[in-house]
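The structure appears right after this line, and notes come after that.
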Amino acid sequence: MKTVHRIIMVFLIISLVAGIIWVIYSAGFYYLAALQERPRLAQHKLWKPGGVFGHGLGIIGGSGMILMFVYSLRKRIRRFRRWGRLQTWLNYHIFLGIAGPVLVTFHTAFKFGGLVSVSYWSMVAVALSGFIGRYIYTKIPRRVSGKELTLQEFEEQDRKMKGNLRREFNLSDETMQLIDKVAGTEKIQQRGLLGIFTILSLDMVDWFGQRNLFTQVTATTSIPGNQLKAFRRLLKKRVKIARQIAFWNAAHDLFHYWHVIHKPFAYTMIIIMIIHVITAVTFGYTWILQ
Amino acid sequence: MNLFRFLILFFLIPALRGQFSPGELSKYHEDLEGTLNCTKCHELRKKELSDGCILCHSPLKNRINAGTGFHRDKKTDCGDCHPEHNGRTFELVYWPKDISRFDHDETGYTLTGKHRALKCNQCHTGKLIKAPDIIAWATENSKFSVLDRTFLGLERKCTACHADVHRGEVTDDCSACHNTDDWHQAAKQFDHDSARFRLIGAHRNVPCEKCHKPHTTRKPAVPQLTGLVFDRCTGCHEDVHRGEVTGDCAACHDNNDWKRARQTFDHGKSRYPLTGSHSTVVCEKCHQPHSEWKPVVPQLTGLAYENCSPCHTDIHKGSYGITCERCHTTNDWKNDLKPFDHSQTSYPLRGKHTEVKCRACHTEDLKHLPSTPSCVTCHEDKHFGQFAGRADGGACESCHTVNGFTPATFSISEHQTVRFKLEGSHLAVPCVSCHKPYEPQPGVSATRFIWETVTCRMCHEDIHRGQFRDKYRNDCSICHNTILFTQLRFDHQSTDFPLDGKHENVRCEFCHKEENDNTVKFVRYYPVAHRCVDCHTLTEEFR
Chain A
756 MKTVHRIIMV
766 FLIISLVAGI
776 IWVIYSAGFY
786 YLAALQERPR
796 LAQHKLWKPG
806 GVFGHGLGII
816 GGSGMILMFV
826 YSLRKRIRRF
836 RRWGRLQTWL
846 NYHIFLGIAG
856 PVLVTFHTAF
866 KFGGLVSVSY
876 WSMVAVALSG
886 FIGRYIYTKI
896 PRRVSGKELT
906 LQEFEEQDRK
916 MKGNLRREFN
926 LSDETMQLID
936 KVAGTEKIQQ
946 RGLLGIFTIL
956 SLDMVDWFGQ
966 RNLFTQVTAT
976 TSIPGNQLKA
986 FRRLLKKRVK
996 IARQIAFWNA
1006 AHDLFHYWHV
1016 IHKPFAYTMI
1026 IIMIIHVITA
1036 VTFGYTWILQ
Chain B
2 MNLFRFLILF
12 FLIPALRGQF
22 SPGELSKYHE
32 DLEGTLNCTK
42 CHELRKKELS
52 DGCILCHSPL
62 KNRINAGTGF
72 HRDKKTDCGD
82 CHPEHNGRTF
92 ELVYWPKDIS
102 RFDHDETGYT
112 LTGKHRALKC
122 NQCHTGKLIK
132 APDIIAWATE
142 NSKFSVLDRT
152 FLGLERKCTA
162 CHADVHRGEV
172 TDDCSACHNT
182 DDWHQAAKQF
192 DHDSARFRLI
202 GAHRNVPCEK
212 CHKPHTTRKP
222 AVPQLTGLVF
232 DRCTGCHEDV
242 HRGEVTGDCA
252 ACHDNNDWKR
262 ARQTFDHGKS
272 RYPLTGSHST
282 VVCEKCHQPH
292 SEWKPVVPQL
302 TGLAYENCSP
312 CHTDIHKGSY
322 GITCERCHTT
332 NDWKNDLKPF
342 DHSQTSYPLR
352 GKHTEVKCRA
362 CHTEDLKHLP
372 STPSCVTCHE
382 DKHFGQFAGR
392 ADGGACESCH
402 TVNGFTPATF
412 SISEHQTVRF
422 KLEGSHLAVP
432 CVSCHKPYEP
442 QPGVSATRFI
452 WETVTCRMCH
462 EDIHRGQFRD
472 KYRNDCSICH
482 NTILFTQLRF
492 DHQSTDFPLD
502 GKHENVRCEF
512 CHKEENDNTV
522 KFVRYYPVAH
532 RCVDCHTLTE
542 EFR
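Each protein sequence line maps, in turn, to chains A and B. Start counting the first sequence at 756; every next residue gets the next number (my numbering). Start counting the second sequence at 2; every next residue gets the next number (my numbering).
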C-alpha cells in the first residue's frame, strides 16, 4: 500500500508541477499585467477568476482545501481511525495544503480584495503555519507508526545511541561533550518556546554547514576513513535526538499553541470560502455547469 | 477559542461591510458600491449584466430597441466590453485600436469625405446633443460631464452640427445638394430633376449662380434657392423682344440653344405659315433686325406678309399687279409656275403656242411683253424683211398660223394676188423651184420671196444666149407661154424677115442652125444672116 500511495503522490506532484507550468506558460503574461490592463487582454476571458480556466482552478484548488479536512476527520473521529496510516493521510494533507493554495492563487489571478481575500489570506496563513507545524511535528519523536514516544522511551533511546556512538567509534568524553555542545541542547532548553528558533538556526547551520560540524567533531577523534560515513550518519541522528530531548517540553507546548493558530485560520478560510462559493453561484457563476 | 473569536471579529465583520464585491467599482458606479447594491446591477443566478446595465442606461436601451447606434447589434454581454470591479480609476469605455482609428461604420453612420478627418469631439460635444433622453439622463447623472463624454444623442441631420445658412429656405436634407467631400460643391451633387424646375438643354451647363444669385442681405452670402420665378423665361432672361411677342418663349426657342429659334418655331402656327421654299429661307431674310435695338433682335411682328412685294422685288414692275400667286408658287419662284390661263390675256395662246414654255417667250431679258404682241416679238423674221413693203406690212399671219411655221397658208390663190400670178405650167411648179435660198446677209441663208422685178430669167435659163436682149428686151413671152416652152406663138411675119413663099414651108432649122459657143449648144435665132446668098447658092442660072 505504501508503494501505491507513493505512486499516487508522485503522479499528483507531477500533475501539479505540469499544471503550474501550463498555467504560467498560458497566463503568465496575463498575471504579470497591471490589474487595470488585464480586462483589455485576450486572456482575460479565460483566466480571470470567473473565467473558464480561472474559475476551474478555483474550484479544483478550493475542493483540495476542503479535502484537507478529511485528514482532520481521520485524526479526530474514532470511526475513521481504521482508514489507513495517519502519516499517509498527512502526506495527502500536506500535498493538498500546497497544491490548493497554489491553484487558488492562480484562481485569484493575484488580485486580492474583498471578503474572499480574508479566506485567501487565511488559507495562506494555514498553509504557512502548516509548514511550521510540520517542522515542529518533526521535533516530536515518534515511532515508525507515527505514534509519539514518551520522554522516558526517548531518553532511553538516547542513552543507547550515546553508548553505541562512544563504543563503535571509541569516542572520548571530550568528544561526547563537544557533540552535546554542537547540538546546542543547553541553549535550547534555556530558551523554552523560543528554543524553536534556536533549533531552526542550528538546523539551518547543519543544513548549510554540516561539513563544519562534522570537521569540528572528527578533529577530536581518530576515526578511520572508511567509517567516517557511518559516523556521520550516527552523529546526525545523535544531534537530532539530543535536540528533540532538549526541546521536548517546549515542543509539546508549542504544538498546542500551533493548533490554536492553525485551526482558526482553517475555519476562517473554509467559512468564507463557502460564503464566496455561495455568492458566486448566487450571481450565476456556476463555471461550466449551467 | 478567544483567539478564534478575535480573528472572526477582526477579519470577518469589517469584511462583511460590503466586501462580497470582487473588486472596487469604477468611479462612475461608485455610488453602487456595497453589498446591498449588488442586485441593482446583477440578477440572481444570472451571470450576464446587460439587463442590469440598460436598466439604468436607458438612453442606450432606447437606441438598441430602435436598432440604431453602435450597440444595436451587439450580442455580447455588456460586461464583456465594459468590465467592472477593476478599481476606481478603471475606464469602462475602452478603445482597443485607439479612438482615432474607430470604425465609425459600426455605429451605423458611415463617416465620409471630410467627416473622416474630424476629431471625435468636434461632433460629439455636449452643445450639439439635442436628444431629450440623453439630456435628461445627463441631468440625472450630473456628477460626470455626461454630455461631453457620451457619443450618443447626436442627430444625423447635418444641421445638428452645421449652421443652416439657408435659414430654412430648403429642407434639412442637405445631402440632396451637398456632399461631405466638399460642402461647396453642391452643384455637382444636386439633382435638379428633383426640383420643380428641371434643367434641360443648355440650362444644364449654366453655373448655379447665374440663376441662384446670392442673398445680398445675408452673411454668409448664400444663393437664393427658392422663390425664383421659373414659370416663365423672363424670370432669368431679358425679354429682348420687348414684348413684341407673347411670353411663351418656348414657342420659338428651345433649351439647347437660345439662338436656334428658327429650328424650333412652328411657323405654321403663325398667321403666315411658311410653305415651299419659304420654309428653307433663313429667318433673317424676312425678319430683319430692329436696327435701333440693342441687342439686335429680328423684327417678329408687323411684317407685311399680305403680298409678296415687301420681301420680293417685282421684276414685272407692276405689270401684272400684286397678285403674284396667280402665277407663282412658293415652291420655285421661277420654275414652278401655276398653270396660267393665257386666254385671259390679250394674247390667248393657240396652236403650237400652247406647247411653248412660258420662258420661251417670257424671257428674263424681255422684262415684260408688249401689250399688243406681234410674232416678231418672239419669232425671228426668217424672211429678213422681204415682206415689209407689203400692204399688211409683212404680217406673218398673212402666210403663217400658230399651228406651225410651215406649211404656210400662202396658196396659189394668194399667189395670184401678187405681182407674179401663176399661170400655165407655173401652177404645177413647187414653190421651192422658184423660191430658192439666198444670202440676205453674208453667211446667212434665207428663202427669196420678193424680187424687185420679176423676169423669166429669175428662174429660167436663157437658152438663147442673149440673142433677144436687144431686139425683144429678153421678153420671153413674145415667143413663149407658160403652158409649154415649146408651144411658141412667134409670128415670123413680125420680124425683119417675114416668111413668104416657099420660105413658109422651110423648116426652121434650115435657117436657125445649131451653134456651139464652146460651152453649150444653142440655136441661132437672131441675128441670122438673111441675105439670100446666105442660104442659097448662086447658080449659073441666076448669074
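Each residue gets a CB set at the ideal place from its N, CA and C atoms; glycine is no exception. As the structure is a computational prediction, the values presented were derived from the model and not from experiment.
Q: Give a yes or no on whether the minimum CB-CB distance between Thr90 (chain B) and chain A is below 8 Å.
A: Stepping through the second sequence from its first residue, residue 90 (chain B) is reached at position 89. Closer than 8 Å: yes.
Q | Unbroken stretches of the alpha helix (DSSP H), 4 residues or longer, contained in the stretch 167-209 of chain B | A | 187-190
Q. Could you give the distance in angstroms between the alpha-carbon of Val94 (chain B) and the alpha-carbon of Val879 (chain A)?
A. For the purposes of this step, residue 94 (chain B) is taken as the residue at position 93 of the second sequence. For the purposes of this step, residue 879 (chain A) is taken as the residue at position 124 of the first sequence. For Val94 (chain B) and Val879 (chain A), the distance between alpha carbons rounds to 36 Å.
Q | Contact list for the stretch 55-87 of chain B against chain A, Cβ threshold 8 Å | A | Asp81, Pro84, Asn87
Q | Arg795 (chain A) in three-state terms, based on DSSP | A | Residue mapping note: residue 795 (chain A) aligns to position 40 of the first sequence, counting from 1. Three-state result, Arg795 (chain A): helix.
Q | Rounded straight-line distance, which links the Cα of Met916 (chain A) to that of Ile978 (chain A) | A | By 1-based counting over the first sequence, the position of residue 978 (chain A) is 223. By 1-based counting over the first sequence, the position of residue 916 (chain A) is 161. Distance between the alpha carbons of Ile978 (chain A) and Met916 (chain A) is about 17 Å.
Q.
The alpha helix (DSSP H) that contains Glu49 (chain B), what's its start and end?
A. Within the second sequence, numbered from 1, the residue matching residue 49 (chain B) stands at position 48. Per DSSP, Glu49 (chain B) belongs to no alpha helix (DSSP H) and is neither H nor E.
Q) Since Val937 (chain A) contacts Val994 (chain A) with CB under 8 Å, what's their CB separation in whole angstroms? A) For this step, residue 937 (chain A) is matched to residue 182 along the first sequence. For this step, residue 994 (chain A) is matched to residue 239 along the first sequence. Confirmed, about 7 Å.
Q: Flag this pair as touching only if the stretch 775-787 of chain A and the stretch 1016-1026 of chain A have three or more C-beta atom pairs under 8 Å; answer yes or no.
A: no
Q. What are the start and end residues of the beta strand (DSSP E) that includes Ala447 (chain B)?
A. In the second sequence, residue 447 (chain B) corresponds to position 446, counting from 1. 445-448 is the span of the beta strand (DSSP E), which, as asked, contains Ala447 (chain B).
Q. Taking buried to mean at least 16 other C-beta atoms within 10 Å of its own C-beta, is Asn206 (chain B) buried or exposed?
A. By one-based count along the second sequence, residue 206 (chain B) stands at place 205. The residue is exposed, with fewer than 16 neighbouring Cβ atoms inside 10 Å.
Q | Min CB distance Tyr95 (chain B) to chain A below 8 Å | A | Position 94 of the second sequence, counted from the start, is the residue given in the question as residue 95 (chain B). For Tyr95 (chain B), the answer is yes, since a Cβ of chain A falls inside 8 Å of its Cβ.
Q) Between Leu904 (chain A) and the rest of its own chain, which residues show a CB-CB distance below 6 Å, the 5 nearest in sequence each way excluded? A) What you label residue 904 (chain A) is simply residue 149 of the first sequence in a count that begins at 1. For Leu904 (chain A), where only same-chain residues beyond five positions count, the Cβ hits under 6 Å are Pro896.
Q. How long is the line joining the alpha carbons of His1031 (chain A) and Phe867 (chain A), rounded to whole angstroms?
A. For the purposes of this step, residue 1031 (chain A) is identified with residue 276 of the first sequence, where counting begins at 1. For the purposes of this step, residue 867 (chain A) is identified with residue 112 of the first sequence, where counting begins at 1. C-alpha separation (whole angstroms): 13 Å.
Q. Quick one: what's His329 (chain B) bridged to in DSSP?
A. Taking the first residue of the second sequence as position 1, residue 329 (chain B) is located at position 328. According to DSSP, which records beta bridges pairwise, His329 (chain B) is partnered with B:Leu338.
Q: Would you give the residue range spanned by the alpha helix (DSSP H) that Asn63 (chain B) belongs to?
A: As a working note, residue 63 (chain B) is residue 62 in the second sequence. Its alpha helix (DSSP H) spans residues 59-66.
Q) Between Gln225 (chain B) and the rest of its own chain, which residues show a CB-CB distance below 8 Å, the 5 nearest in sequence each way excluded? A) Your numbering for residue 225 (chain B) matches position 224 in the second sequence. Glu170, His213, Lys214, Pro215, His216.
Q: Within the same chain, show all residues whose beta-carbon is closer than 7 Å to that of Gly277 (chain B), passing over the 5 residues directly before and after it, in chain order.
A: If you number the second sequence from 1, residue 277 (chain B) lands on position 276. Closer than 7 Å at Cβ, skipping near neighbours: Thr330, Thr331, Asn332.
**Q.** Whole-Å CB distance - Asp134 (chain B) paired with Pro60 (chain B), under 8 Å assumed
**A.** As a first step, residue 134 (chain B) is located in the second sequence; it is residue number 133 there, counting from the start. As a first step, residue 60 (chain B) is located in the second sequence; it is residue number 59 there, counting from the start. 5 Å between Cβ atoms; contact.
Q: Run through the stretch 768-846 of chain A for me and flag every whole alpha helix (DSSP H) of 4 or more residues, listed as ranges in chain order.
A: 799-802, 807-822, 824-831
Q) Leu957 (chain A) to Leu920 (chain A), Cα distance in whole Å? A) Here residue 957 (chain A) is taken as the residue at index 202 of the first sequence, counted from 1. Here residue 920 (chain A) is taken as the residue at index 165 of the first sequence, counted from 1. Each residue's Cα considered, the two are about 21 Å apart.
Q: Out of B:Cys376, B:His427, B:Thr235, state which residue places its alpha-carbon closest to the alpha-carbon of Phe406 (chain B).
A: The residue you call residue 406 (chain B) lines up with position 405 of the second sequence. Comparing Cα-Cα distances from Phe406 (chain B) to each of B:Cys376, B:His427, B:Thr235, the minimum goes to B:Cys376.
Q. On the three-pair Cβ rule with 8 Å, is the stretch 285-305 of chain B touching the stretch 243-251 of chain B?
A. yes
Q: May I ask you to list the residues that DSSP assigns as paired with Gly405 (chain B)?
A: Position 404 of the second sequence, counted from the first residue, corresponds to residue 405 (chain B). Answer is B:Thr402.
Q) Distance, Cα to Cα, His72 (chain B) vs Pro804 (chain A)? A) Start at 1 with the first residue of the second sequence, and residue 72 (chain B) comes out as number 71. Start at 1 with the first residue of the first sequence, and residue 804 (chain A) comes out as number 49. Between His72 (chain B) and Pro804 (chain A), the C-alpha separation is close to 27 Å.
Q. So what's Tyr439 (chain B) in DSSP terms, helix, strand or just coil?
A. The residue given as residue 439 (chain B) occupies position 438 in the second sequence. Looking at Tyr439 (chain B) - three-state DSSP - the assignment turns out to be strand.
Q: Compute the Euclidean distance between the alpha carbons of Trp1042 (chain A) and Gly811 (chain A), then round it to the nearest angstrom.
A: The count along the first sequence starts at 1 and reaches residue 1042 (chain A) at position 287. The count along the first sequence starts at 1 and reaches residue 811 (chain A) at position 56. Rounded to whole angstroms, Trp1042 (chain A) to Gly811 (chain A) spans 7 Å at the Cα level.
Q. What residues match up with Lys522 (chain B) in a beta bridge as DSSP calls it?
A. Residue 522 (chain B) sits at position 521 when you count from the first residue of the second sequence. Paired residue(s): B:Asn517.
Q: Provide the residue span of the alpha helix (DSSP H) that contains Lys1018 (chain A), from first to last.
A: Counted from its first residue, the first sequence places residue 1018 (chain A) at position 263. Here the alpha helix (DSSP H) through Lys1018 (chain A) covers 1003-1037.
Q | Closest Cα partner of Ala196 (chain B) within the set B:Asp258, B:Thr172, B:Glu356 | A | The residue given as residue 196 (chain B) occupies position 195 in the second sequence. For the residues B:Asp258, B:Thr172, B:Glu356, the minimum Cα distance to Ala196 (chain B) belongs to B:Thr172.
Q) So, is the C-beta of Gly811 (chain A) closer than 8 Å to a C-beta in chain B? A) Here residue 811 (chain A) is taken as the residue at index 56 of the first sequence, counted from 1. It does not; no Cβ of chain B falls within 8 Å.
Q | Which residues DSSP lists as bridging Arg458 (chain B), in chain order | A | Within the second sequence, numbered from 1, the residue matching residue 458 (chain B) stands at position 457. The partner list for Arg458 (chain B) (beta bridge, DSSP) is empty, contrary to what the question assumes.
**Q.** Among B:Tyr439, B:Glu415, B:Glu440, nearest to Leu428 (chain B) - alpha-carbon criterion
**A.** Here residue 428 (chain B) refers to the residue found at position 427 of the second sequence. When only C-alpha atoms are compared, the closest one is B:Glu415.
(Q) Is there a C-beta anywhere in chain B that falls below 8 Å from the one on Gly868 (chain A)? (A) One-based indexing of the first sequence puts residue 868 (chain A) at position 113. So, interface residue.
Q: Inspect the beta-carbon positions of Arg89 (chain B) and Lys47 (chain B) and report whether they are closer than 8 Å.
A: The residue labelled residue 89 (chain B) in the question sits at position 88 within the second sequence. The residue labelled residue 47 (chain B) in the question sits at position 46 within the second sequence. It is not a contact, given that the beta carbons lie outside the stated cut-off.
**Q.** Reduced DSSP category for Pro290 (chain B) - H, G, I as helix; E, B as strand; rest coil
**A.** Residue 290 (chain B) sits at position 289 when you count from the first residue of the second sequence. Here Pro290 (chain B) sits in strand by DSSP.
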